[in-house]
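I have placed the structure first, in the form of structure tokens, so that the comments after it can refer back to it.
Chains as they are written, first to last, in the numbering used here: chain H, 306 to 412; chain G, 6 to 471.
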């Protein structure tokens, strides 16, 4: 488990970093703020770690207490991040030519 | 872990589905049309990951439900209440919250595993220490950035003698204690010491950074939280954390580099330069007797109404005055009069990447009217009037031609190449970077001294009365 799984995880990490650079370099300047808040929401995935730590049958009470707060923070992070990004992107959804209804471009 | 192998495989598979939704969420951000859908797909993926996690053999479901309810309410209320002008604070806060969660996870996991017989595997303890250190720095740093942006503490850099040695000492302490855990006793007290030192470092390293450099800092802290989450993934052997954290880390790093480039400054200079102190007597040579020309809303209204092309160049002052709706209203009124109205946006205008775009989108400015610096600069020489609203350093010609200027070499929006420039500003005081702006004293520049919101309300009235 130990050695090979570490190398496998490292491989995944490195590939994911390259993928991240590829995908994110295509995001226009226009959407950089939603990008930040969207990635903020994605790192809310730490909630999964919090749940595992707080809920595992073998954990003692201190672990559970610390894990409890990790889950609170992780949930706030994920939920708040997605909601605020949604609010923001709703603003950008409006058609560019919203003031000239005759010139609506096909979607 | 516990559970049958089948369910473990299923869990891993469903986590993979979540990972794909996150990648799609970022992929869809490449166009405003699909961006919102992408975000919703990502949110669904997050919900899936949480459900899958909860479906494992766990205990304490009551407490988990309570924790998620509390966190969920905080998240929803915070995200719904925040104004678009406060978005940088909000991003900083969520960033910090995520970093804090990672640090807590590392602490709990270390406490859980360390007392067991035999030493922890090196990669496990290293992963826990890395996530604890970076998560804590991100947590504390983000909270300070939040406090600065929310103006709970001053936005100007806080500097004191011996700052750099103190910072170096603090981070060296954190790393020293971390090394002690790796080679010596796996003591929780040592890890608590590591976390304390990292938290202190997080506070100390953001304090001296000025408001204008916030886009860089926020991006960097974003990257930190991502990397911390990745490290936690190593500690827990969860690929979903590794990949998600790596995506965030890549995004934050890319934005940090972009912001640094837009300021023509290296990241180390931003972090350790304590930029934005009031620069008295340095930089631009202020010639005696130069005067700025003041103007009135009525004069500007005439100028704008008879122009063929007007470009608005917004900055952080627009957000402070919350004048985006008034600017849009004026822009629409001018368009009705046949004026070609555009918006020129500098990459570091505001307090976070893309800040101005969000504000103007909120005010219903169509996004095809928003132009990036490189797109708008060639248009300047054919522009009759540029209206600078709450921007300063990003339009400072000193960056182009004054080698002694602290911002020399920073790409700027060349507003001084337009026929006429109107600067809406409360006073002649220098901007956040504390640098004098020769633009204000140009022949073609006139100053409209007022709060941006008040100024635009007056302009709107004047243009209507013409």
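Positions of the beta carbon are idealized from the N, C-alpha and C atoms, including for glycine.
According to the Cβ coordinates, are residue i and residue j closer than 8 Å?
i: residue 324 of chain G; j: residue 364 of chain G; result: yes
i: residue 321 of chain G; j: residue 266 of chain G; result: no
i: residue 230 of chain G; j: residue 353 of chain H; result: no
i: residue 233 of chain G; j: residue 80 of chain G; result: no
i: residue 217 of chain G; j: residue 398 of chain G; result: yes
i: residue 385 of chain G; j: residue 240 of chain G; result: no
i: residue 101 of chain G; j: residue 130 of chain G; result: no
i: residue 394 of chain H; j: residue 41 of chain G; result: yes
i: residue 325 of chain H; j: residue 252 of chain G; result: yes
i: residue 250 of chain G; j: residue 235 of chain G; result: yes
i: residue 209 of chain G; j: residue 171 of chain G; result: yes
i: residue 319 of chain G; j: residue 396 of chain G; result: yes
i: residue 353 of chain G; j: residue 393 of chain G; result: no
i: residue 22 of chain G; j: residue 53 of chain G; result: yes
i: residue 162 of chain G; j: residue 207 of chain G; result: no
i: residue 317 of chain H; j: residue 247 of chain G; result: yes
i: residue 74 of chain G; j: residue 388 of chain H; result: no
i: residue 333 of chain G; j: residue 388 of chain G; result: no
i: residue 349 of chain H; j: residue 103 of chain G; result: yes
i: residue 45 of chain G; j: residue 391 of chain H; result: yes
i: residue 328 of chain G; j: residue 457 of chain G; result: yes
i: residue 137 of chain G; j: residue 351 of chain H; result: no
i: residue 1 of chain G; j: residue 173 of chain G; result: A query on residue 1 of chain G cannot be resolved here, the shown segment of chain G reaching from 6 to 471 and no further.
i: residue 82 of chain G; j: residue 95 of chain G; result: no
i: residue 340 of chain H; j: residue 329 of chain H; result: yes
i: residue 468 of chain G; j: residue 335 of chain G; result: yes
Going by C-alpha distance, which of the options is nearest residue i?
i: residue 256 of chain G; options: H:315, H:317, H:312 and H:347; result: H:347
i: residue 254 of chain G; options: H:314, H:319 and H:310; result: H:319
i: residue 391 of chain G; options: G:360, G:427 and G:403; result: G:427
i: residue 90 of chain G; options: G:336, G:154 and G:202; result: G:154
i: residue 372 of chain H; options: G:361, G:117, G:52 and G:51; result: G:117
i: residue 245 of chain G; options: G:50, G:339 and G:276; result: G:50
i: residue 176 of chain G; options: G:200, G:124 and G:75; result: G:200
i: residue 466 of chain G; options: G:306, G:158, G:45 and G:261; result: G:306
i: residue 430 of chain G; options: G:61, G:451 and G:261; result: G:451
i: residue 105 of chain G; options: G:43, G:417 and G:203; result: G:203
i: residue 259 of chain G; options: H:334, H:312, H:315 and H:310; result: H:334
i: residue 205 of chain G; options: G:447, G:182 and G:142; result: G:142
i: residue 493 of chain G; options: G:317, G:277 and G:178; result: A query on residue 493 of chain G cannot be resolved here, the shown segment of chain G reaching from 6 to 471 and no further.
i: residue 350 of chain G; options: G:69, G:167, G:361 and G:342; result: G:361
i: residue 168 of chain G; options: G:38, G:137 and G:211; result: G:211
i: residue 374 of chain H; options: G:415, G:112, G:62 and G:93; result: G:112
i: residue 24 of chain G; options: G:48, G:275 and G:39; result: G:48
i: residue 414 of chain H; options: G:340, G:242 and G:371; result: Because chain H spans 306 through 412 in this model, residue 414 of chain H falls outside it and cannot be assessed.
i: residue 15 of chain G; options: G:60, G:308 and G:463; result: G:60
At a cut-off of 7 Å, would you count residue i as near the ligand GDP, judging by its Cβ distance to the nearest heavy atom?
i: residue 384 of chain H; result: Within the structure as shown, the ligand GDP is missing, as the structure has no ligands at all.
Rounded to the nearest angstrom, how far is the Cβ of residue i from that of residue j, given a contact under 8 Å?
i: residue 369 of chain H; j: residue 381 of chain H; result: Not quite, the Cβ-Cβ distance comes to about 19 Å (not below 8 Å), so this is no contact.
i: residue 310 of chain G; j: residue 471 of chain G; result: 5 Å
i: residue 358 of chain G; j: residue 213 of chain G; result: With 8 Å as the limit, residue 358 of chain G and residue 213 of chain G do not qualify as a contact, their Cβ atoms being about 21 Å apart.
i: residue 413 of chain G; j: residue 404 of chain G; result: 6 Å
i: residue 34 of chain G; j: residue 343 of chain H; result: 6 Å
i: residue 300 of chain G; j: residue 433 of chain G; result: No, residue 300 of chain G and residue 433 of chain G are not in contact; Cβ-Cβ is about 14 Å, not under 8 Å.
i: residue 491 of chain G; j: residue 109 of chain G; result: With chain G represented from 6 up to 471, any question about residue 491 of chain G goes unanswered, as that position is not in the structure.
i: residue 127 of chain G; j: residue 191 of chain G; result: 11 Å between Cβ atoms; not a contact.
i: residue 415 of chain G; j: residue 268 of chain G; result: 5 Å
Give me the DSSP bridge partner(s) of residue i.
i: residue 316 of chain G; result: G:347 and G:391
i: residue 425 of chain G; result: G:390
i: residue 17 of chain G; result: The partner list for residue 17 of chain G (beta bridge, DSSP) is empty, contrary to what the question assumes.
i: residue 385 of chain G; result: BP columns for residue 385 of chain G are empty, so no partner.
i: residue 452 of chain G; result: G:299 and G:428
i: residue 375 of chain G; result: G:348
Let me see if you follow: with CB-CB separation under 8 Å, is residue i close to chain A or not?
i: residue 91 of chain G; result: Absence of chain A from the displayed structure is noted, the protein chains being H and G.
Original post:
Can you list, in chain order, the residues of the segment 246–260 of chain G whose Cβ is nearer than 9 Å to any Cβ on chain H?
Top reply: 246, 247, 248, 249, 250, 251, 252, 253, 254, 255, 256, 257, 258, 259 and 260
Original post:
Residues in the segment 320–340 of chain H with C-beta within 9 Å of chain G's C-beta atoms, listed in sequence order?
Top reply: 320, 321, 322, 323, 324, 325, 326, 327, 328, 329, 330, 331, 332, 333, 334, 335, 336, 337, 338, 339 and 340
Original post:
Going along the chain, which residues of the segment 439–462 of chain G sit with their C-beta nearer than 8 Å to a C-beta in chain H?
Top reply: none
**OP:** Closer than 9 Å, Cβ to Cβ, to anything on chain H: give me those residues from the segment 15–27 of chain G, in chain order.
**Re:** 20, 23, 24 and 27
Original post:
When Cβ atoms are compared, which residues of the segment 360–378 of chain H fall closer than 9 Å to chain G?
Top reply: 360, 361, 362, 363, 364, 365, 367, 368, 369, 370, 371, 372, 373, 374, 375, 376, 377 and 378
Original post:
Listed from N- to C-terminal order along the chain, which residues in the segment 102–113 of chain G have their beta-carbon within a distance smaller than 7 Å of any beta-carbon of chain H?
Top reply: 102, 103, 105, 106, 107, 109, 110, 112 and 113
Original post:
Taking Cβ-Cβ distances below 9 Å as the criterion, which residues of the segment 64–85 of chain G are in contact with chain H?
Top reply: 64, 65, 66, 68, 69, 71, 72, 73, 74, 75, 76, 77, 78, 79, 80, 81, 82, 83, 84 and 85
Subject >> Members of the segment 206–224 of chain G near chain H, C-beta cut-off 8 Å >> reply: 223 and 224
**OP:** Note down, in chain order, all residues in the segment 380–391 of chain H with a beta-carbon under 7 Å from any beta-carbon belonging to chain G.
**Re:** 380, 381, 382, 383, 384, 385, 386, 387, 388, 389, 390 and 391
Subject >> the segment 293–321 of chain G: positions lying closer than 9 Å to chain H by Cβ >> reply: none
Original post:
Going along the segment 348–359 of chain G in order, which residues come within less than 9 Å of chain H, judged by CB to CB distance?
Top reply: 350, 352, 355, 357, 358 and 359
Original post:
Going along the chain, which residues of the segment 342–355 of chain H sit with their C-beta nearer than 9 Å to a C-beta in chain G?
Top reply: 342, 343, 344, 345, 346, 347, 348, 349, 350, 351, 352, 353, 354 and 355
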